[in-house]
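In the working numbering, the protein residues as written are 162 to 232.
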């Protein structure tokens, strides 16, 4: 993903979730996606989808069973 896309998505997600600690970062060997963090904790990946005529981005976040133990 291009730097300007990452910056726009970062701003959008911070506003959407009301969390300034959220960060969207470029992935080191991938140009079709970016990583999402809250502070230093990795929470998911955003994939760029431009296969159709409409450009979109898909956010994928895994929730592990261990994450739910204290809930």
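Heads up, the beta-carbon is just placed ideally off N, CA and C, and yes, glycines get one too. Note that the coordinates shown come from a computational prediction; the quantities given were computed from them, not determined experimentally.
Note on residue 197: 16 or more other CB atoms within 10 angstroms of its CB, so buried under the neighbour-count rule. In the DSSP annotation of this structure, the continuous segment of the beta strand (DSSP E) that includes residue 183 starts and ends at 183 to 187. Collapsing the DSSP output to three states places residue 166 in a helix. If you draw a straight line from the Cα of residue 175 to the Cα of residue 181, it is about 5 Å long. Per DSSP, residue 205 is one residue of the beta strand (DSSP E) stretching across 202 to 210.
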